[in-house]
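Trainee: Protein chains in written order, with my numbering: chain X, 1 to 210; chain R, 1001 to 1210.
Just so it is clear, CB atoms sit at the ideal spot from N, CA and C, and this is done for glycine as well.
A quick note: this is a predicted structure, and the numbers were derived from the prediction, not measured.
Handing you a structure now.
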DNA sequence: TCTTTAATTCATTACATGATGAATAAAGGT
DNA sequence: ACCTTTATTCATCATGTAATGAATTAAAGA
């Protein structure tokens, strides 16, 4: 008889549409759970089931909202990410500010609690396989590096932009992916003080005027 | 009748021990195939079957030589890798050479065809999941960063060592993992010229004397 | 020559995964 | 009141995975 009682067993949802629940909420909670899981384990090692578990939802429900795993992943990383524009903006002012503007832009992007998990998820997943990397390398070249090298002059502008990017990427890795203690603990201003001159050096071959 | 003929069907090996084949050879070829696969796809996305396929061997044979997947992976990355000692050696001479010595050490390590695939395999696999990262972060702190910060003075030695490491890691990523065209094409000397002053700056807060 | 040991493939197990197609229950429109 | 749409779980499938235990063949040792 107790199975005919209608008290909702906690944690287990009854089959069928629940009372007064608007669609957007669970869809968003699936996206949130997916972001966290992809961020933690990368694309390959994340299973739809682990996402469903985290979102407290049946795995099949994910397929109701998203066609398949890759579509879900793309939505996770596409939503908040448009770094190209941000970096282009960083290179507006006078040349001697490029370095500082770039670090500050990166720190601002990764400082945002909506952008950071998506961005690190993308990082993790892309770095974990050559195949995934080949997919986004053109985007990287075109959308990021191109914009950085554009305002530079000289035949090796591409090389210098890439070297600057390498320091930026290294800093992001150290602080947000590897999470090296001293880099995590440092203030944004310390990071700027360390990194801006380096970017300036890579980009222009000169040091910032002090 | 043709199935009773004894001409060896090419590509398919007969069951049982083959003629005149010494153990070490296939074991080594499995290791080589594993290195390549782990390097290409990272730990998670690499299957024992894909390794077996590449080594032209039955999957079960892998278990004959290696207990399980993780043991195989550990052997792939443990064999050629002892970067701690190499970096410690780089910090022997006078302080004004630290930067240059460090880049050259990194370039030499990654230049070796036996070290490079194992090292990038480790990179890929470790970066792709927080769990894997937590496993080797202590090693990283103790074996690498500690050695870099040791000869430095000042209260923020750990921070400066970490920042230097961030530029090193960024360069390695750009050149060997992401494979940005201009960085791949650059000569070792160009890289040294770009990176050594940066490391020097991070480590000592000063630029190299020119 | 006989026996043991090693190298190999084959057959199978147990399980996780992504995906699909119901079934069920409520909401919303007519 | 009906019908359609939507949100949800359930049952199930096909596939791929790591792993294990034979079976088979040859080498090595006695």
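DSSP state of residue 1180 (chain R), grouped into three classes?
Mentor: Residue state, collapsed to three classes: coil.
Trainee: At 9 Å on the CB atoms, spell out the chain R contacts of residue 94 (chain X), in chain order.
Mentor: Simply none; closest approach about 22 Å.
Trainee: At the 9 Å Cβ level, is residue 1123 (chain R) part of the contact set with chain X, yes or no?
Mentor: It does; some Cβ of chain X falls within 9 Å.
Trainee: I need the straight-line Cα distance from residue 1199 (chain R) to residue 1050 (chain R), nearest angstrom please.
Mentor: Straight-line Cα distance between these residues: approximately 40 Å.
Trainee: At the level of alpha carbons, what is the spacing between residue 44 (chain X) and residue 1202 (chain R)?
Mentor: So the two alpha carbons sit approximately 36 Å from each other.
Trainee: In chain order, what residues of the same chain lie with their CB nearer than 7 Å to the CB of residue 76 (chain X), ignoring the 5 residues before and after it?
Mentor: If we look at residue 76 (chain X) and ignore the five residues flanking it on each side, its Cβ neighbours are 31, 34, 35, 38, 118 and 121.
Trainee: Quick one: measure Cβ to Cβ for residue 185 (chain X) and residue 147 (chain X), integer angstroms, because I've assumed they're closer than 8 Å.
Mentor: Actually they are not in contact, since the Cβ atoms of residue 185 (chain X) and residue 147 (chain X) sit about 31 Å apart, beyond 8 Å.
Trainee: Taking DSSP as the reference, what is the three-state secondary structure of residue 19 (chain X)?
Mentor: Here residue 19 (chain X) sits in coil by DSSP.
Trainee: Could you tell me whether any Cβ in chain X is nearer than 9 Å to the Cβ of residue 1192 (chain R)?
Mentor: It does not; no Cβ of chain X falls within 9 Å.
Trainee: Run down chain R in chain order and give the residues with a C-beta less than 7 Å from the C-beta of residue 155 (chain X).
Mentor: Going along chain R, no residue has its Cβ under 7 Å from residue 155 (chain X), so there is no contact; the nearest lies around 11 Å.
Trainee: If you measure from the beta carbon of residue 159 (chain X) to each beta carbon in chain R, is any gap under 9 Å?
Mentor: So yes, residue 159 (chain X) belongs to the interface.
Trainee: Mind listing which residues of the segment 1169-1182 of chain R have their C-beta closer than 9 Å to chain X's C-betas, in chain order?
Mentor: Residues 1169, 1170, 1171, 1172, 1173, 1174, 1175, 1177, 1178, 1179, 1180, 1181 and 1182.
Trainee: What does the alpha-carbon distance come out to for the pair residue 1104 (chain R) and residue 1182 (chain R)?
Mentor: Distance between the alpha carbons of residue 1104 (chain R) and residue 1182 (chain R): 19 Å.
Trainee: Start and end of the alpha helix (DSSP H) containing residue 87 (chain X)?
Mentor: It spans 83-90 - the alpha helix (DSSP H) in which residue 87 (chain X) sits, taken as one unbroken run.
Trainee: Got a sec: is the Cβ-Cβ distance from residue 113 (chain X) to anything in chain R below 9 Å?
Mentor: Answer no: the Cβ-Cβ gap between residue 113 (chain X) and chain R never drops below 9 Å.
Trainee: Between residue 978 (chain R) and chain X, is the shortest Cβ-Cβ distance under 9 Å, so that the two count as touching?
Mentor: Residue numbering for chain R in the displayed model covers 1001 to 1210; residue 978 (chain R) lies beyond these limits and cannot be assessed.
Trainee: Just curious, the alpha helix (DSSP H) that residue 171 (chain X) is in, first and last residue?
Mentor: Residue 171 (chain X) -> alpha helix (DSSP H) spans 157-172.
Trainee: Does the pairing of the segment 1145-1162 of chain R with the segment 163-182 of chain X give three or more beta-carbon distances under 8 Å?
Mentor: Yes, the segment 1145-1162 of chain R touches the segment 163-182 of chain X.
Trainee: Could you work out which residue in R:1172, R:1042, R:1057 and R:1026 is closest to residue 1014 (chain R) when comparing CA atoms only?
Mentor: Taking only the C-alpha atoms, the option nearest residue 1014 (chain R) is R:1057.
Trainee: Work out the CA separation of residue 164 (chain X) and residue 153 (chain X) for me, nearest whole Å.
Mentor: Near 15 Å, if we compare the C-alpha coordinates of residue 164 (chain X) and residue 153 (chain X).
Trainee: For residue 1012 (chain R), does the three-state DSSP call read helix, strand or coil?
Mentor: Coil.
Trainee: Answer with yes or no whether the minimum CB distance from residue 1110 (chain R) to chain X is below 9 Å.
Mentor: False, the Cβ-Cβ gap to chain X never drops below 9 Å.
Trainee: Is the distance from the Cβ of residue 1123 (chain R) to the Cβ of residue 1172 (chain R) below 9 Å?
Mentor: Yes, they are a contact pair.
Trainee: By how many angstroms is the C-alpha of residue 128 (chain X) removed from the C-alpha of residue 70 (chain X)?
Mentor: Near 15 Å, if we compare the C-alpha coordinates of residue 128 (chain X) and residue 70 (chain X).
Trainee: Whole angstroms is fine: what's the gap from residue 149 (chain X)'s alpha carbon to residue 84 (chain X)'s?
Mentor: Residue 149 (chain X) and residue 84 (chain X): Cα-Cα distance of roughly 12 Å.
Trainee: Classify residue 135 (chain X): buried if its beta carbon has 16 or more other beta carbons within 10 angstroms, exposed otherwise.
Mentor: Under this definition residue 135 (chain X) is an exposed residue.
Trainee: Report the residues of the segment 1034-1066 of chain R with a CB closer than 7 Å to any CB of chain X, ordered along the chain.
Mentor: Hits within the stretch, in order: 1040, 1041, 1042, 1044 and 1045.
Trainee: From the DSSP output, in three-state form, read off residue 1204 (chain R) for me.
Mentor: If DSSP states are grouped into helix, strand and coil, residue 1204 (chain R) belongs with the helices.
Trainee: With a Cβ-Cβ cutoff of 9 Å, do residue 111 (chain X) and residue 1166 (chain R) count as a contact?
Mentor: Contact flag unset, no.
Trainee: Name the chain X residues that come within less than 7 Å of residue 1025 (chain R), Cβ to Cβ?
Mentor: Those do not exist, as residue 1025 (chain R) stays about 27 Å from chain X at its closest Cβ, beyond 7 Å.
Trainee: Report yes or no: is there a C-beta of chain R within less than 9 Å of the C-beta of residue 81 (chain X)?
Mentor: Chain R, which has no Cβ nearer than 9 Å to the Cβ of residue 81 (chain X), makes this no.
Trainee: Short of 6 Å in beta carbon distance, which residues of its chain neighbour residue 1195 (chain R), apart from the five on each side in sequence? Order them along the chain.
Mentor: Cβ within range, chain order: 1103 and 1171.
Trainee: Straight-line CA distance for residue 1078 (chain R) to residue 1144 (chain R)?
Mentor: Whole-angstrom Cα-Cα distance: 15 Å.
Trainee: Please go through the same chain and pick out, in chain order, the residues whose beta-carbon is closer than 8 Å to the beta-carbon of residue 91 (chain X), but skip the five residues on each side of it.
Mentor: Counting only Cβ-Cβ distances below 8 Å, and skipping sequence neighbours, we find 98, 101, 102, 147, 148, 150 and 151.
Trainee: Taking all protein chains shown into account, do 16 or more other C-beta atoms lie within 10 angstroms of the C-beta of residue 12 (chain X), making it buried, or fewer, making it exposed?
Mentor: Label assigned to residue 12 (chain X): exposed.
Trainee: At which residue ranges does the segment 45-79 of chain X contain complete alpha helix (DSSP H) runs of 4 or more residues, listed in the order of the chain?
Mentor: The segment 45-79 of chain X contains these whole alpha helix (DSSP H) runs: 48-55, 59-65 and 69-78.
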